[in-house]
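Asks:
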Amino acid sequence: MQSTPPAQRMRNFAIVTIAIVLVVALVLGVRAQNFTDSLATQAKQSQPLDIALTNGKPTLMEFYADWCTSCQAMAPDLATVKAQFGDRVNFSMLNVDNTKWLPEVTKYRVDGIPHFVFFDNKGRVLAQAIGEQPRQILELKLTDLMAGNPLSDTAAAGEVSKFTPKVVPSEDKADPRAHG
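At position 159 of the sequence shown the residue is numbered 202 (the working numbering), and the sequence of numbers has no breaks.
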């Protein structure tokens with residue numbers, strides 16, 4: 044038997060390594076694509092809002108968009124939460140890109156997504172949260188929601204800017220509110 048020269052072995056090793064890296068990248072890419080598909084699937088399976096707010100169960104409403112990377116990143120955790128709580132809590136998803144939901148976007152002051160609105164079993168708003176929410180926090184909030192307790196961790200759901208702009212008319216320019 045002939046032995047393979049060291050240069051040939053090194054080339055073969057490099058080819059195998061590159062092939063493994065490409066397979067891993069392909070698998071991760073397909074997984075990332077499934078997040079978007081998962082969002083679309085979850086939206087199709089979500090409870091219509093009018094039914095969710097009137098059927099006597101608490102509701103978690105999510106404003107989302109297919110292009111939203113945070114929404115995509117949360118999709119697997121939301122699927123897990125829906126599987127865990129779906130028989131006791133309504134899950135309703137509203138796509139902000141659909142003009143049908145413009146009244147709700149305005150009513151709930153959606154200025155960032157994902158945007159979650161938590162309703163009690165009578166359809167009253169209890170709390171809202173904006174941005175990615177860890178699965179454990181969602182589970183805790185839904186457990187409180189089902190029990191009729193105040194929602195945990197709602198007040199401390201992120202940092203708020205301490206900036207306060209000074210709104211003072213300039214002395215050297217005419218006041219634009221003077222209309223003249």
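Backbone N, C-alpha and C define an ideal beta-carbon position, used for all residues, glycine too. From a predicted model like this one, the values you see are computed outputs, not experimental measurements.
Assuming L169 contacts F159 under a Cβ cut-off of 8 Å, what Cβ separation, rounded to an integer in Å, is found between them?
Replies: So it is not a contact: roughly 11 Å between Cβ atoms.
Asks: Kindly list the residues whose CB is nearer than 6 Å to the CB of L181, restricted to its own chain and excluding five residues on each side of it in sequence; keep chain order.
Replies: V124
Asks: Alpha carbons only, please: which of K143, D187, S135 is nearest the one belonging to L96?
Replies: S135
Asks: Along the chain, which unbroken stretches of the beta strand (DSSP E) at least 3 residues long are found entirely within the segment 145 to 198?
Replies: 158 to 162, 168 to 173
Asks: Rounding to the nearest angstrom, what Cα-Cα distance links Q51 and L69 in this structure?
Replies: 27 Å
Asks: Roughly how many angstroms separate the alpha carbons of P101 and S113, rounded to a whole number?
Replies: 24 Å
Asks: Using a Cβ-Cβ cutoff of less than 8 Å, which residues in the same chain neighbour A108 once the five nearest sequence positions on both sides are dropped?
Replies: C114, N138, V139, D140, I156
Asks: Return the Cβ separation of M89 and A118 in integer angstroms, given the expectation that the two are a contact with Cβ distance under 8 Å.
Replies: Reading off the sequence, residue 89 comes out as Ser, not Met. That belief does not hold up - the Cβ atoms of S89 and A118 are roughly 12 Å apart, past 8 Å.
Asks: With the cut-off set at 8 Å, would you say L103 and V132 are in Cβ contact?
Replies: Remark: C-beta atoms of L103 and V132 approach each other more closely than 8 Å.
Asks: Under a three-way DSSP split, which group does S135 fall into?
Replies: strand
Asks: At what residues does the alpha helix (DSSP H) containing L96 begin and finish?
Replies: Where L96 is concerned, there is no enclosing alpha helix (DSSP H), given that its DSSP letter is neither H nor E.
Asks: I want to see whether chain D comes within less than 8 Å of A57, judged by CB atoms only; does it?
Replies: Protein chains in the displayed structure number just one, and chain D is not present.
Asks: Count the other C-beta atoms from every protein chain shown that fall within 10 angstroms of the C-beta of F106, then say buried if there are 16 or more, exposed otherwise.
Replies: buried
Asks: My output table needs one value for T102: the three-state DSSP class, helix, strand or coil.
Replies: strand
Asks: Unbroken beta strand (DSSP E) runs of length 3 or more, entirely within the segment 48 to 72: which are they?
Replies: none
Asks: Buried or exposed, going by whether 16 or more other CB atoms sit within 10 Å of the CB of K165?
Replies: exposed
Asks: What are the complete alpha helix (DSSP H) segments, minimum 4 residues, inside the segment 103 to 132?
Replies: 112 to 128
Asks: As a quick exercise: from L71, M53, A122, pick the residue whose alpha carbon is nearest that of T84.
Replies: Check the Cα spacing between T84 and each of L71, M53, A122: the tightest is with A122.
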